[in-house]
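Take 2 as the starting number for the sequence shown in this note's numbering and just add one per residue. A quick write-up on the structure given underneath.
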Amino acid sequence: MSLTKANILFIINPISGGKRKIKLPSIIDKYLDKGQYNPTYAFTEYVGHAAEIAGEAEKKDIDVIIAVGGDGTINEVAGKMVNSNKVFGVIPFGSGNGLARFLNIPLKPEKAIALINKGNHQIIDTAELNGKRFFNMAGMGFDAHLSAVFAGNKKRGLKSYVELGFKEITTYKAKPYKIEIDGQTYNKEAFAISIANSSQYGNNVYISPKSSLTDGYLDICIIHPISLVKLPLLAYQMIAAKTHKSSLVEIIRGKQIRIEREANDAVHLDGEPFEMGKELNIIIFPSSLKILTA
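As structure tokens, this is what we get:
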């Protein structure tokens, strides 16, 4: 057994997922194996702060960096750790927790800390859209539109997101896209396009059930124009992880993707909305992030 403790930094978003976490360091202190780890803590104060903290920590004598928060916090921290020799970890506190759920990282902090104590990790694929990193899911169309509208909503949490979704879906229209995947061109009318690195958006809602974080491919999931009467069927297929068998969804695997659309519009990266241009370029980086897993 090594006598040297690993330096571990917890980057904590105090308000992600609508849950305040000021007392979390005391919980970590209680359950973390101090025989293995020497912990320090940093709280984020604004959007982008987690990335700044992680960027500084990546240059220092820190062995493990843990993101404590939702998918946005995870994205910021992990974005600074691609191709690093340091190990990334997650204590999930978001409303969806898509990446954490895919990796079987427990949602209860005590159990997530127990997983950190085990120290098991794997190396997963990461991806970029127009130079911006994402790790779980990126997208355009309705889900990106909804993320952008939700970002301006005063109410947070899954219930508010679902309520807003029902409201927006009645007026949103499918749009045309020119999609190039590894040199093959497709012209599609789509309600939404999701670029899946893992299988689910979050909350065990699956868009690409066969996706893998370690296969070197992204799954381009094209949701065809859909009538309101068929939405319950699509919802069932997502919850039952059957979209890969659905006539409502077309899934094409690829490594280099170029998408053209009619106008500047919203995209989302791991659930966080951004306004981007007509042309979108997506690429995968195989085996580029060390992450603690079950």
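All C-beta atoms, glycine included, are put in the ideal place defined by N, C-alpha and C. Note that this is a predicted model, so its numbers are computed, not measured.
Practice task
Could you spell out the range, first to last residue, of the beta strand (DSSP E) harbouring K179?
Solution key: One-based indexing of the sequence shown puts residue 179 at position 178. In the DSSP annotation of this structure, the continuous segment of the beta strand (DSSP E) that includes K179 starts and ends at 176–182.
Exercise for the section: State the start and end residues of the unbroken alpha helix (DSSP H) segment that holds I240. Expected result: Start at 1 with the first residue of the sequence shown, and residue 240 comes out as number 239. 232–240 is the extent of the alpha helix (DSSP H) around I240.
Exercise for the section: Answer with buried or exposed for V163, where buried requires no fewer than 16 other C-beta atoms within 10 angstroms of its C-beta. Expected result: Taking the first residue of the sequence shown as position 1, residue 163 is located at position 162. Exposed, since its Cβ has fewer than 16 Cβ neighbours within 10 Å.
Exercise for the section: For A51, collect the residues of the same chain with a Cβ closer than 6 Å to its Cβ; drop the 5 residues on either side in sequence, then sort them by chain order. Expected result: One-based indexing of the sequence shown puts residue 51 at position 50. Within the same chain, A51 has close Cβ partners I12, T45, T74, E77, V78.
Exercise for the section: Alpha carbon to alpha carbon, how far is E59 from K81? Give it in angstroms, no decimals. Expected result: Locating residue 81 in the sequence shown gives position 80, where the first residue counts as 1. Locating residue 59 in the sequence shown gives position 58, where the first residue counts as 1. Here the alpha carbons of E59 and K81 stand approximately 7 Å from one another.
Practice task
Return the residue from the list A55, L130, G99 that minimises the CA-CA distance to H269.
Solution key: The residue labelled residue 269 in the question sits at position 268 within the sequence shown. The alpha carbon of H269 has as its nearest neighbour, out of A55, L130, G99, the alpha carbon of L130.
Practice task
Could you pull the start and end residues of the beta strand (DSSP E) that P296 belongs to?
Solution key: Given a span of 2 to 295 for the chain in the structure shown, any question on residue 296 remains unanswerable.
Practice task
Whole angstroms is fine: what's the gap from T41's alpha carbon to I29's?
Solution key: Mapped onto the sequence shown, residue 41 falls at position 40. Mapped onto the sequence shown, residue 29 falls at position 28. In a straight line, the C-alpha of T41 is about 10 Å away from that of I29.
Problem - Assigned exposure category for I240 - 16 Cβ within 10 Å defines buried - result: Position 239 of the sequence shown, counted from the first residue, corresponds to residue 240. Around the beta carbon of I240, fewer than 16 other beta carbons sit within 10 angstroms, so the residue counts as exposed.
Handout entry: the stretch 110–127 in contact with the stretch 249–262 per 3-pair CB rule at 8 Å
Key = These segments do not touch.
Handout entry: Residue range of the unbroken beta strand (DSSP E) whose run includes G203
Key = For the purposes of this step, residue 203 is taken as residue 202 along the sequence shown, with counting starting at 1. Per DSSP, G203 belongs to the beta strand (DSSP E) from 201–203.
Handout entry: Where the alpha helix (DSSP H) through I110 begins and ends
Key = Counting from one through the sequence shown, the residue named residue 110 turns up at place 109. The question names Ile, but residue 110 is Pro in the sequence shown. That run of the alpha helix (DSSP H) goes 110–119.
Problem - Environment of V88 [buried if 16+ CB atoms lie within 10 Å] - result: Indexing the sequence shown from 1 puts residue 88 at position 87. Around the beta carbon of V88, a 10 Å sphere encloses 16 or more other beta carbons of the protein chains shown; the residue is thus reported as buried.
Handout entry: Spatial distance of I224 from Y38 (CA atoms)
Key = Residue numbering aside, residue 224 sits at position 223 when the sequence shown is read from its first letter. Residue numbering aside, residue 38 sits at position 37 when the sequence shown is read from its first letter. The straight-line gap from Cα to Cα measures roughly 45 Å.
Problem - Classification of P135 by the beta-carbon crowding that lies within 10 angstroms, buried from 16 upward - result: Within the sequence shown, the letter at position 134 stands for residue 135. Rather than Pro, the amino acid found at residue 135 in this sequence is Phe. The residue is buried, with at least 16 neighbouring Cβ atoms inside 10 Å.
Practice task
Report the option in G140, A43, E190, A68 whose CA atom is closest to the CA atom of I106.
Solution key: As a first step, residue 106 must be located in the sequence shown, where it is residue number 105. Residue nearest to I106 within the set G140, A43, E190, A68 is A68 (criterion: CA-CA distance).
Problem - Coil, strand or helix - Y173 by DSSP - result: The residue labelled residue 173 in the question sits at position 172 within the sequence shown. Y173: coil per DSSP, three-state reduction.
Handout entry: At least 3 beta-carbon pairs within less than 8 Å: the stretch 215–232 vs the stretch 197–206
Key = Three or more pairs of CB atoms, one per stretch, sit closer than 8 Å, so the stretch 215–232 contacts the stretch 197–206.
Problem - Y47, buried or exposed, once every other Cβ within 10 Å from all chains shown has been counted against 16 - result: Mapped onto the sequence shown, residue 47 falls at position 46. Burial call: exposed.
Exercise for the section: Using alpha carbons as the reference points, say which of I117, V83, N84 lies closest to P93. Expected result: Numbered from 1 along the sequence shown, position 92 holds the residue referred to as residue 93. Checked all of I117, V83, N84; the closest Cα to P93 is I117.
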